[in-house]
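Notes follow the structure.
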Amino acid sequence: MTGRQRFLAALDGRPVDRPPLWLMRQAGRYLPEYRAIRGKYSFAEMYKTPDVATEVTLQPVRRFGLDAAILFSDILVVPEAMGLPLDFPEGGPRFSKTVRSLDEVRALKPLEPEHDLEYVRTALAQLRRELGTETALLGFAGAPYTLACYAVEGEATRSFEAIKRLEYQEPEVLHALLDRLTDALIGYLVMQVEAGADAVQLFDSWGGHLSPEAFATFALPRAKRIFDAIREAGGKSIHFVLGSSGFLPLVKEAGADAVAVDWHVTMSDAIAHLGADTVVQGNLDPLALHAPPARIAGEARRIAQAGRAARGHVFNVGHGLLPSTPIEGVEALVTSLRELEA
């Protein structure tokens, strides 16, 4: 099977010779070829320049022969295009303007993805041509709640106090913001599918900070709308909510083609909660790639074996690769999964 065939078959729950493999943040600072390019451009210049974004996306596929490439971009391009000035200081991304009132929600610019994020479409189209039929192509976006966290707080925080205040004191403001972001994300992700993405992943990096009840109220209805629109456009979808092991059935209810699982739950327990009719993705601890090759191979076999209880399984780490990730660790993981091929 080609990587693309393997990936799409797993998402459909069809038989595969082994679990397909891609890795969250597979393009990044752990690769010397990435660092060489990063030395010439700012981070924003990299993802806004289609030729550079294309090259960086292809680097890990060339090096490791992964089954899927994921577009090099950032989840915050959507609120940035809606009028929030974005910077990338040393401590992480930051908006210089926040959204904490209905007037500020209404002031957000409606997103026109074909115009405002044309560089994303161009990069995806280039990647589709480069990857051909051999390797799957993924697009992605941040989920409405995660983007709202950044828009309200201005940056990632420990307590997310400002957005929690809206949740409990002014829920109508939070609902309005989430609806605006959802409208934008639907257009953006459908554009990605039309540009050639085989599937798109919705990253809810901060969704795990919600209680199950709050997730059902604020996050779930918007995720359903997004996945329905992706399906209508003919695309596949993956839903990743970091820290969601306590409410995985709610994540499944959103309706994505696959549910991505972080490493805080065993794959066996995740499947037990989600049901054997679910396609799952995950869930190696990213720091496990620092282990000796034999230990990495053992962890890969354990997770792959557990994944057989699901309708389909896409192998991945349970969150993104770190800048300190050893290349040898990734190579050991790739080798160990290839040894599972029937």
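Position in the sequence shown counted from 1, then plus 16, gives you our numbering. Note that CB positions come from ideal geometry on N, CA and C, so glycine has one too.
Could you pull out every residue in the same chain whose Cβ sits closer than 7 Å to the Cβ of residue i, ignoring the five residues on either side in sequence?
i	result
H289	L264 and P265
V77	A85 and T151
H306	P342 and G345
A178	R116, V168 and E169
D132	A97
T18	T149 and E150
A348	P309, I312 and A313
Take residue i and list the residues in its own chain whose beta-carbon comes closer than 6 Å to its own, dropping the five residues that flank it on each side.
i	result
A211	R137, L140 and A141
V281	S261
D103	R110
S352	A313 and A316
G29	V295, R327 and G328
D293	R327
P237	none
Considering only their Cβ atoms, is the gap separating residue j from residue i smaller than 8 Å?
i	j	result
A235	M98	no
P309	L337	no
L300	A316	yes
F80	V350	yes
L163	V94	yes
G250	V209	yes
Y46	S340	yes
A159	G223	yes
A232	H255	no
L182	L190	yes
L360	G203	Residue numbering for the chain in the displayed model covers 17 to 358; residue 360 lies beyond these limits and cannot be assessed.
I246	V206	yes
L218	I242	yes
A192	V267	no
E171	G108	yes
R51	L124	no
I53	M62	yes
Quick check on the DSSP output: the alpha helix (DSSP H) that includes residue i runs from which residue to which?
i	result
H131	P129 to D132
I254	That residue, I254, is in no alpha helix (DSSP H); its beta strand (DSSP E) goes K252 to V257.
Q321	P309 to G323
H329	Note, H329: premise wrong, no alpha helix (DSSP H); beta strand (DSSP E) at G328 to V333.
A286	M283 to L290
V168	P160 to E169
G19	G19 to D28
V32	First-last for V32: undefined, no H or E at that position.
V267	L264 to E269
F80	P66 to F80
G203	P187 to E210
Y50	P48 to R54
P237	L236 to E248
G345	I343 to R354
P339	From DSSP, P339 is part of no alpha helix (DSSP H); its letter is neither H nor E.
P95	V93 to A97
With residue i and residue j assumed to form a contact (beta carbons below 8 Å), what rounded beta-carbon distance in angstroms separates them?
i	j	result
E357	D119	Actually they are not in contact, since the Cβ atoms of E357 and D119 sit about 57 Å apart, beyond 8 Å.
D278	G334	4 Å
Q21	E49	Going by Cβ atoms, the distance from Q21 to E49 rounds to 27 Å, so no, they are not a contact pair.
L87	A69	7 Å
P129	K113	Not really, about 21 Å apart at Cβ, beyond 8 Å.
Y166	D220	With a Cβ gap of about 12 Å, Y166 and D220 do not count as contacting.
A26	I91	Not quite, the Cβ-Cβ distance comes to about 24 Å (not below 8 Å), so this is no contact.
L82	L37	6 Å
T73	A43	6 Å
Between which two residues does the beta strand (DSSP E) harbouring residue i extend?
i	result
D220	A215 to D220
V115	No beta strand (DSSP E) contains V115, which DSSP labels as neither H nor E.
A274	A274 to A276
Have a look at the DSSP bridge pairing and note the partners of residue i.
i	result
G298	F331
I86	L154
T140	Looking at the sequence itself, residue 140 is Leu, so the reference to Thr does not match. In the DSSP output, where bridge partners are listed per residue, L140 has none listed.
D103	R110
L37	F331
Leaving out five residues before and five after residue i in sequence, what residues of the same chain have Cβ atoms less than 8 Å from its Cβ?
i	result
G323	P35, M283, I287, V296, H329 and F331
D214	R20, F23, L24, A84, A152, L153, L154, G251 and K252
A320	R34, P35, H329, F331, L353 and L356
E188	L118
T198	P160, R238, R241 and I242
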